[in-house]
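Reviewing the structure listed below.
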Amino acid sequence: MKNNFLITGLKRKDFLWLNAMTTEELEAKNIKKQIVDSSPGFPCRISLKEGLIGETTYLLNYHHLSMQSPYDATGPIFVTLGKGESALQLNEIPSVIYDRFTSLRCYDILGMIIDAYLYEPKSLTPEVISHILANDKIAFVDVHNAARGCYSARINRA
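All residue numbers for the sequence shown refer to our numbering, where the first residue is 1285 and numbers rise by one.
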């Protein structure tokens, strides 16, 4: 494959503080602690796996694009702290992305969107991502769930 890539989730250590908070403290920050009651439906942004029924997950607003750009952005995400971090292989697409309607937002080094795409479930393939990354102006790609708009993961060249 010409343009190898790696999809990465968020770092677990950045969310461990959630475990130390009371329900009242979480509510004051508009964070919802929930028990997964259906699967799929609670995709963890740390492990890039579906939450399993009975697991505890947190729904919170996350600053996923923190740049001096008009596209600076926050949005809702689920994190399940009982899972490990994603350990995807080169050019691997996790099922939480592959099995959903997704949007790809392609950014340059200044945090400006220079291209964007929508994909139906099972249509975002490694070859498609490699082709997108053939554009040298693209610095990174953010994956979002198209239906609800939630940030999913980041794609970087490997």
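From the three backbone atoms N, C-alpha and C, an ideal C-beta is built for every residue, glycine too.
What you are looking at is a predicted structure, and each value in this text was computed from that prediction instead of being measured.
What first and last residue would you give for the beta strand (DSSP E) that runs through Val1263?
Nothing in the structure corresponds to residue 1263, since the chain is present only between 1285 and 1442.
Thinking C-beta only, is Leu1294 closer than 8 Å to Val1363?
Reading the sequence shown from its first residue, position 79 is the one you call residue 1363. Reading the sequence shown from its first residue, position 10 is the one you call residue 1294. In contact: Val1363 and Leu1294 (Cβ atoms closer than 8 Å).
So who's on the other strand from His1347, going by DSSP bridges?
Indexing the sequence shown from 1 puts residue 1347 at position 63. Beta-bridge pairing links His1347 to no other residue.
What residues match up with Arg1387 in a beta bridge as DSSP calls it?
Indexing the sequence shown from 1 puts residue 1387 at position 103. Going by the sequence as given, residue 1387 is Ser instead of Arg. Beta-bridge pairing links Ser1387 to Leu1402, His1428.
Measure the alpha-carbon distance for Ala1418 versus Asp1426 and round it to whole angstroms.
Stepping through the sequence shown from its first residue, residue 1418 is reached at position 134. Stepping through the sequence shown from its first residue, residue 1426 is reached at position 142. If you take the alpha carbons of Ala1418 and Asp1426, they lie about 16 Å apart.
Report the residue from Gln1373, Lys1367, Glu1404, Gly1395 whose alpha carbon sits nearest the alpha carbon of Tyr1382.
By one-based count along the sequence shown, residue 1382 stands at place 98. It is Glu1404.
Three-state secondary structure (DSSP) of Pro1360
In the sequence shown, the residue the question calls residue 1360 occupies position 76. DSSP places Pro1360 in strand when its eight states are reduced to three.
Pick out whichever of His1428, Thr1306, Arg1296, Arg1441 has its Cα sitting closest to the Cα of Leu1374.
Stepping through the sequence shown from its first residue, residue 1374 is reached at position 90. Selected option, being the one with the closest Cα: Arg1441.
Between Ile1291 and the rest of its own chain, which residues show a CB-CB distance below 6 Å, the 5 nearest in sequence each way excluded?
Residue 1291 sits at position 7 when you count from the first residue of the sequence shown. For Ile1291, where only same-chain residues beyond five positions count, the Cβ hits under 6 Å are Leu1372, Ala1437, Ile1439.
Note down the Cα distance separating Pro1360 from Tyr1435, rounded to an integer number of angstroms.
Taking the sequence shown and counting its residues from 1, one reaches residue 1360 at position 76. Taking the sequence shown and counting its residues from 1, one reaches residue 1435 at position 151. Those two C-alpha atoms are separated by around 7 Å.
I need the boundaries of the alpha helix (DSSP H) containing Thr1292, first residue and last residue.
Within the sequence shown, the letter at position 8 stands for residue 1292. Here Thr1292 belongs to no alpha helix (DSSP H); instead the beta strand (DSSP E) covers 1289-1292.
Gly1325 to Leu1402, Cα distance in whole Å?
What you label residue 1325 is simply residue 41 of the sequence shown in a count that begins at 1. What you label residue 1402 is simply residue 118 of the sequence shown in a count that begins at 1. In a straight line, the C-alpha of Gly1325 is about 20 Å away from that of Leu1402.
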